[in-house]
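Here's the structure we're looking at; comments come further down.
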Amino acid sequence: MLVQIAILALAGQSPDVDATPRPVIETRMPLGTIKIPDEIGFAVQPYLMCRFASMGIPVLSKGKEISSSSATNPDCAAVREKAAEDSEKELRRLGGRTNEERAAFITKALSDVDTFTNAIPTVGSVVPDQSETNAPDN
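So, in C-alpha cells, the structure goes:
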C-alpha cells in the first residue's frame, strides 16, 4: 500500500498595526511518501488516520473529507496497539515469518507512520514569506 499525502496548511498573517484583516492563505503541501506493507495495510491505516485526526489534519479522498471513528476521540495509543495486534494476526495467518521477524516487521511499519506524521508541520507553523507583503509603500 503506497500512501501519498498532501495536506492543507493554513498560514495566517498577523494583522498590521492598523488591524486591517489579512487573507488566510490556503495551500497544498506535498509531504512525501509513506510505504505501508500491503500485508498489514488494512491494520495500519486506522493508526495513520488517527495520527492525522489528532493533529487536526483533514484527510481527503476525491475531494471529500474522510471521517474517521478516531476523529472524535483520537486515542492513538489504543489504535496503535490494535494495529499491532491485527497485523500480528494477519502475518501469523500468512505464515513464513518467525515471531521475531513479525515483531520487527510490524514495529517498522508503525514506526514509519510515527516518523512520517512527526515530520508534518502543524497548522500555523508554516508562515508565508512576508518580506514582500510587509514592504513599505514608496
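Residues 223 to 360 in this note's numbering are what the sequence shown lists, from first letter to last.
Just so you know, even glycine gets a beta-carbon here, dropped at the ideal spot from N, CA and C.
For this session: Go ahead and label Ser309 buried or exposed: buried means 16 or more other beta carbons lie within 10 angstroms of its beta carbon, across all protein chains shown.
Result: Buried, by the Cβ-count rule.
Exercise. Since Ile342 and Met277 are thought to touch, with beta carbons under 8 angstroms apart, how far apart are those beta carbons, to the nearest angstrom?
Worked result: Yes, Ile342 and Met277 are in contact; Cβ-Cβ is about 7 angstroms, under 8 angstroms.
Problem set entry | For Thr329 and Lys284, the rounded distance between their alpha carbons | Just so you know, the alpha carbons of Lys284 and Thr329 end up roughly 31 angstroms apart.
For this session: Verify the CB distance criterion: does Thr339 have a CB-CB separation below 8 angstroms to chain C?
Result: No chain C appears in the structure shown, which is made up of a single protein chain.
Problem set entry | Cβ separation of Val266 and Ala331, assumed to be a contact under 8 angstroms, to the nearest whole Å | The Cβ separation is near 5 angstroms, so the contact holds.
Exercise. Helix, strand or coil for Asp359 per DSSP?
Worked result: In this prediction, Asp359 scores a pLDDT of 46, lower than 50, which makes its location untrustworthy; the coordinate-derived value is nonetheless stated afterwards. In this structure, Asp359 counts as coil in the three-state DSSP scheme.
For this session: If I'm right that Glu261 touches Glu307 with Cβ under 8 angstroms, what's the distance once you round it to whole angstroms?
Result: About 15 angstroms separates the beta carbons of Glu261 and Glu307, which is beyond the 8 angstroms limit, so they are not a contact pair.
For this session: Would you kindly report the start and end of the unbroken alpha helix (DSSP H) that includes Glu310?
Result: Bounds of the alpha helix (DSSP H) holding Glu310 are 298-316.
Problem set entry | Burial state of Ala300, where buried means 16 or more other Cβ atoms lie within 10 Å | Exposed.
For this session: Using 10 angstroms around the beta-carbon of Arg314, count the other beta-carbons present and answer buried if the total reaches 16, otherwise exposed.
Result: By the neighbour-count criterion, in which 16 or more other beta carbons inside 10 Å mark a residue as buried, Arg314 falls on the exposed side.
Problem set entry | Range of the contiguous alpha helix (DSSP H) that encloses Arg319 | Judged by DSSP secondary structure, Arg319 falls outside any alpha helix (DSSP H); it is assigned neither H nor E.
For this session: Determine the burial state of Thr337: buried for a count of at least 16 other Cβ atoms within 10 Å of its Cβ, exposed for fewer.
Result: Thr337 is exposed by the Cβ-count criterion.
For this session: Taking all protein chains shown into account, decide if Thr255 is buried (16 or more other Cβ within 10 angstroms of its Cβ) or exposed.
Result: Counting C-beta atoms within 10 angstroms of its own C-beta, Thr255 has fewer than 16 neighbours from the protein chains shown and is therefore classed as exposed.
Problem set entry | Distance, Tyr269 Cα to Val335 Cα | Their backbone Cα atoms lie some 8 angstroms apart in a straight line.
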